[in-house]
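Chemist:
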Amino acid sequence: MNVSGAPGQKRIEVIFFRTQAGGEPVREWLKSLQPVEDRKQIGIDIKTVEFGWPIGMPVCRSLGNGLYEVRSNLTGNRIARVLFYVDAENRMVLLHAFIKKSQKTPPAEIELARKNQSLHEASLRLRNKDSQ
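Residue 6 is where the sequence shown starts when you use my numbering, and the numbers rise one by one after that.
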């Protein structure tokens, strides 16, 4: 990981949250997204955060308590959000993603991301405990 901020180098690693069953909800959501240009735009926006962290508006916004959203404008005046947090290993963990249908990020979407965050943190604790 690069902490010096040198151009062209990642400042933070991106990973997908993984369920106990091995699924990666954000990756699966991205693969299902049409048209392909929308996937590309979200990828560009995630990469902007990855190479520019910490970064603010208009690409990234804090939702409080360590939760953030990557903000992407898609075709057809649609808006996507990818919710993430930075874990104890300084990785950008993509927790949840959705197409925004209202002005404010819906509380249910935030709650789902926080639930996934708790699951990810529990798996890190378990992994760290097992490696001791």
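Glycine residues also receive a C-beta, built at the ideal position from the N, C-alpha and C atoms.
Within the segment 53 to 108, note down every full beta strand (DSSP E) run reaching 3 residues or more, in order along the chain.
Modeler: Counting only runs of 3 or more, we get 65 to 69, 72 to 78, 84 to 91, 96 to 105.
Chemist: Our contact map puts aspartate 50 next to leucine 79 with C-beta atoms below 8 Å; I'd like the distance itself, whole angstroms only.
Modeler: At roughly 10 Å, the Cβ-Cβ gap does not stay under 8 Å, so aspartate 50 and leucine 79 are not in contact.
Chemist: Quick one: using the 10 Å Cβ neighbour count with 16 as the cut-off for buried, is glutamate 74 buried or exposed?
Modeler: Buried, by the Cβ-count rule.
Chemist: Candidates Val91, Tyr90, Glu114: which alpha carbon is nearest phenylalanine 103's?
Modeler: With distances taken between Cα atoms, phenylalanine 103 lies closest to Glu114.
Chemist: How should leucine 131 be labelled, buried or exposed, when 16 other C-beta atoms within 10 angstroms of its C-beta is the threshold for buried?
Modeler: So leucine 131 ends up on the exposed side.
Chemist: Relative to the C-alpha of valine 19, which candidate in Thr110, Arg66, Lys120, Asn95 has its C-alpha closest?
Modeler: Comparing Cα positions, the closest option is Asn95.
Chemist: Which class does isoleucine 17 belong to by DSSP, given the choice of helix, strand or coil?
Modeler: In this structure, isoleucine 17 counts as coil in the three-state DSSP scheme.
Chemist: With proline 30 as the anchor, note down where its alpha helix (DSSP H) starts and where it stops.
Modeler: It spans 30 to 37 - the alpha helix (DSSP H) in which proline 30 sits, taken as one unbroken run.
Chemist: Quick check on DSSP: helix, strand or coil for glutamine 122?
Modeler: Three-state DSSP puts glutamine 122 in a helix.
Chemist: Taking all protein chains shown into account, do 16 or more other C-beta atoms lie within 10 angstroms of the C-beta of alanine 118, making it buried, or fewer, making it exposed?
Modeler: Buried is the call here.
Chemist: When DSSP labels each residue in this structure, what does glutamine 46 get in the three-state scheme?
Modeler: In this structure, glutamine 46 counts as helix in the three-state DSSP scheme.
Chemist: Beta carbon of isoleucine 47, beta carbon of valine 91: below 8 Å?
Modeler: The answer is no: Cβ separation not under 8 Å.
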